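According to my numbering, numbering within the sequence shown proceeds without interruption in unit steps and concludes at 111. Everything on this sheet refers to the single structure shown next.
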Amino acid sequence: MRYWPVIWRSLPANAMAIFPFMLFKDPGQKTDALLINHEKIHFHQQLELLILPFYILYTINYLINLYKYRNHDKAYFNISFEKEAYANELDMNYLKNRRLYSWFKYL
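Written out as structure tokens, the structure reads:
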């Protein structure tokens, strides 16, 4: 999947996928295969939800988790989209076999 890499030094995270852009905090991250695979998983999630609904569900999931855990890190790492991406980022072939809406099983 093609994407446009963008360096944004004040990015609040190491990297971020906002289809079709992949934002990186540091130029060296543009060659980090693990990080790129993680962000490409997010691209697939965004596309299957037609982009805008992804961001709405992501935000709702985060806010529910923030209320539940009262902690930003716990809320972030328990977002179903992040759970799928972190669980599969080491598998460089994951996206070849990924089923639609795979994030749903991480709810």
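By construction, the Cβ of each residue, glycine as well, lies at the ideal position given by its N, Cα and C atoms. Here the structure is a predicted model, which is why all the values come from computation and not from measurement.
Closer than 7 Å by C-beta to residue i: which residues in its own chain qualify, once you throw out the five before and the five after it? Chain order, please.
i	result
residue 86	80
residue 51	23
Could you check whether residue j and residue i sit closer than 8 Å to each other, using their CB atoms as the reference points?
i	j	result
residue 82	residue 73	yes
residue 48	residue 103	no
residue 34	residue 13	no
Between which two residues does the alpha helix (DSSP H) containing residue i stretch?
i	result
residue 38	37 to 52
residue 56	56 to 73
residue 81	76 to 81
Where do the ends of the beta strand (DSSP E) carrying residue i lie?
i	result
residue 104	Run containing residue 104: none; DSSP gives neither H nor E here.
residue 89	Segment 84 to 92 is the alpha helix (DSSP H) holding residue 89; no beta strand (DSSP E) there.
Which of the three DSSP states, helix, strand or coil, is assigned to residue i?
i	result
residue 31	helix
Going by beta carbon distance, what residues of the same chain come within less than 8 Å of residue i, once the five residues before and after it are set aside?
i	result
residue 37	96
residue 99	5, 41, 44, 45 and 48
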